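Quick notes on the structure that follows.
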Amino acid sequence: MKKITYLLALLIISACQKEENPNIIPTYLKIDTITLDENNTTTNITDAWVYINDQLQGVYELPATFPVLENDYQTLRIKAGIKSNGIASSRIAYPFYASFIDTVIFNPNQTITVNPTVSYLESAHFSLEDFEGAGVDLETTIISDTILLEFTDTLGNQYGGGVLNDSLITFEIATDELLDLPQAGAPVFLELDYKCNTEFLVGVYINFPQSVLQKDLLWINPKDDWNKIYINLTSTISEGVGAESFKVFIGMKRDFSLDKNELYFDNLKVVY
Numbered sequence: 072m073k074k075i076t077y078l079l080a081l082l083i084i085s086a087c088q089k090e091e092n093p094n095i096i097p098t099y100l101k102i103d104t105i106t107l108d109e110n111n112t113t114t115n116i117t118d119a120w121v122y123i124n125d126q127l128q129g130v131y132e133l134p135a136t137f138p139v140l141e142n143d144y145q146t147l148r149i150k151a152g153i154k155s156n157g158i159a160s161s162r163i164a165y166p167f168y169a170s171f172i173d174t175v176i177f178n179p180n181q182t183i184t185v186n187p188t189v190s191y192l193e194s195a196h197f198s199l200e201d202f203e204g205a206g207v208d209l210e211t212t213i214i215s216d217t218i219l220l221e222f223t224d225t226l227g228n229q230y231g232g233g234v235l236n237d238s239l240i241t242f243e244i245a246t247d248e249l250l251d252l253p254q255a256g257a258p259v260f261l262e263l264d265y266k267c268n269t270e271f272l273v274g275v276y277i278n279f280p281q282s283v284l285q286k287d288l289l290w291i292n293p294k295d296d297w298n299k300i301y302i303n304l305t306s307t308i309s310e311g312v313g314a315e316s317f318k319v320f321i322g323m324k325r326d327f328s329l330d331k332n333e334l335y336f337d338n339l340k341v342v343y
């Protein structure tokens, strides 16, 4: 009985101490956008992956304001998040952007605004086509009924595209051969800016010594305005064991419900 009375007394004292403690007052962290420290490079950064002292605080769709239950000096790490393959349910921290790191003083009941700037990792490799150079590292494939067109907008920016009308049925372009891409699960992504009035296909030609395997990856829906997408090529490249090279392709088929089918693209970049 004495033991029970003693335990009850401890519980009552503990409860009183908890009531006497002031409520924890959070600091609020405000992040509107995350920018990329690269000239003439587009992004579609949708989320902030926030770490306090290397512990994940949360993943927040931008713009965001959220509470942080920390005080005093803390190490803040922010990773830029994207929608892998343009899918909202497949949000990841983009593996080729370096983290934004800063030391922040957290003061209760205050709002701290952070404007992170990130850059590509120094170890990242690129195969880029932005149509601004003298040559184009894309070519139409044997099944394409029409040619790759080049355009210039009112600001002087150049981009590529394909148009299907009348009896033209297929438009398809492919990159030059991509050699020495990493495998064994190492990340490989395609970055692509596009706009179109019909769906189009992105895939990979896997070039083996005696054969070529076509791997269709993703059908992308129409967009009236320019949009950027990050397409995950990792598993496809890793599965191509024994391949001599790879080619990324973009294809469009004629939709006769429209007068013509248009697909425009720019800043096509394979990153690994």
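Letter by letter, the sequence shown follows residues 72 to 343 in the numbering used here.
All C-beta atoms in this analysis are idealised placements derived from N, C-alpha and C, irrespective of residue type, glycine included.
As the structure is a prediction and not an experimental result, all values here were calculated from the model.
Buried or exposed: where does Thr76 fall if 16 or more other Cβ atoms within 10 Å of its Cβ makes it buried? Bear in mind that a pLDDT of 36 at Thr76, under 50, signals an unreliable position, so the number given afterwards is only what the model happens to contain. By the neighbour-count rule (16 or more Cβ atoms within 10 Å), Thr76 is not buried but exposed.
Whole angstroms is fine: what's the gap from Thr136's alpha carbon to Asn236's? In a straight line, the C-alpha of Thr136 is about 48 Å away from that of Asn236.
By Cβ distance below 6 Å, which residues in the same chain neighbour Lys150 in space, the five residues on each side in sequence not counted? Trp120, Ala164 and Ser170, listed in sequence order.
Within 8 Å, do at least three Cβ pairs link the region 236-251 to the region 286-296? Counting Cβ pairs under 8 Å, fewer than three are found: no touch.
Is the region 310-324 touching the region 267-280 in the sense that three or more CB pairs, one from each, lie closer than 8 Å? The answer is yes - the region 310-324 touches the region 267-280, with three or more Cβ pairs under 8 Å.
Please classify Ser161 as buried or exposed, where buried requires at least 16 other C-beta atoms within 10 Å of its C-beta. Exposed.
Minimum C-alpha distance to Gln285 - residue among Phe271, Val319 and Thr114: Minimum Cα distance to Gln285 is reached at Val319.
Can Val185 and Leu100 be called in contact, C-beta distance under 8 Å? Using a Cβ distance threshold of 8 Å, Val185 and Leu100 count as a contacting pair.
Label Glu315 either buried or exposed according to how many other C-beta atoms from any shown protein chain fall within 10 Å of its C-beta, with 16 as the threshold for buried. Exposed is the call here.
Which residues in the same chain as Tyr343 place their Cβ atom closer than 6 Å to its Cβ, once the five residues preceding and following it in sequence are excluded? Around Tyr343: His196, Leu252, Pro253 and Val259.
Output the boundary residues of the beta strand (DSSP E) element that contains Ile172. From DSSP, the beta strand (DSSP E) with Ile172 extends over Phe171 to Phe177.
Measuring alpha carbon to alpha carbon, tell me which residue in Ile102, Thr114, Asn94 and Ile105 is nearest Asp264. Residue Thr114 holds the alpha-carbon nearest to the alpha-carbon of Asp264 among Ile102, Thr114, Asn94 and Ile105.
Which of the three DSSP states, helix, strand or coil, is assigned to Ile302? Strand at Ile302.
Answer yes or no: do Val139 and Thr98 have a C-beta to C-beta separation smaller than 8 Å? Yes, they are a contact pair.
Unbroken beta strand (DSSP E) runs of length 3 or more, entirely within the region 238-283: which are they? Taking only runs of at least 3 residues, the beta strand (DSSP E) segments lying wholly in the region 238-283 are 241-246, 260-267 and 271-278.
Can you tell me the Cα-Cα spacing of Asp125 and Leu272, whole angstroms? Across the structure, Asp125 and Leu272 are spaced so that their CA atoms are roughly 39 Å apart.
Coil, strand or helix - Glu141 by DSSP: In the three-state reduction of the DSSP assignment, Glu141 falls in the coil class, being assigned neither a helical nor a strand state.
For Ser316, which residues does DSSP report across the bridge? BP columns for Ser316 point to Asn278.
Go ahead and label Glu243 buried or exposed: buried means 16 or more other beta carbons lie within 10 angstroms of its beta carbon, across all protein chains shown. Buried, by the Cβ-count rule.
With DSSP as the reference, label Glu109 as helix, strand or coil. Annotated three-state conformation of Glu109 is coil, per DSSP.
Going by beta carbon distance, what residues of the same chain come within less than 6 Å of Thr212, once the five residues before and after it are set aside? Glu243 and Ala245, listed in sequence order.
Given a threshold of 16 other Cβ atoms within 10 Å of its Cβ, counted over all protein chains shown, does Asp287 qualify as buried or as exposed? Asp287 sits exposed, since fewer than 16 C-beta atoms from the chains shown fall within 10 Å of its C-beta.
Assumed close pair Leu261, Ile302 - CB separation to whole angstroms, cut-off 8 Å: Going by Cβ atoms, the distance from Leu261 to Ile302 rounds to 4 Å, so yes, they are a contact pair.
Among Thr112, Glu200 and Lys324, which one has its Cα closest to the Cα of Val234? Here the closest residue by C-alpha is Lys324.
Selected residue, minimal CA-CA separation from Leu209, among Tyr335, Thr104 and Asp247: Looking only at Tyr335, Thr104 and Asp247, the smallest Cα-Cα distance to Leu209 is reached by Asp247.
Since Ile300 and Gly157 are thought to touch, with beta carbons under 8 Å apart, how far apart are those beta carbons, to the nearest angstrom? Contact flag correct, Cβ pair sits at about 5 Å.
Assigned secondary structure, Ser155 (DSSP; H/G/I helix, E/B strand, else coil): Secondary structure of Ser155 (DSSP, three-state): strand.
Span of the beta strand (DSSP E), counted from its first residue to its last, around Leu339: Judged by DSSP secondary structure, Leu339 falls within the beta strand (DSSP E) whose first and last residues are Lys331 to Val342.
Can you tell me whether Lys331 is buried or exposed, with buried defined as 16 or more other CB within 10 angstroms of its CB? That one is exposed.
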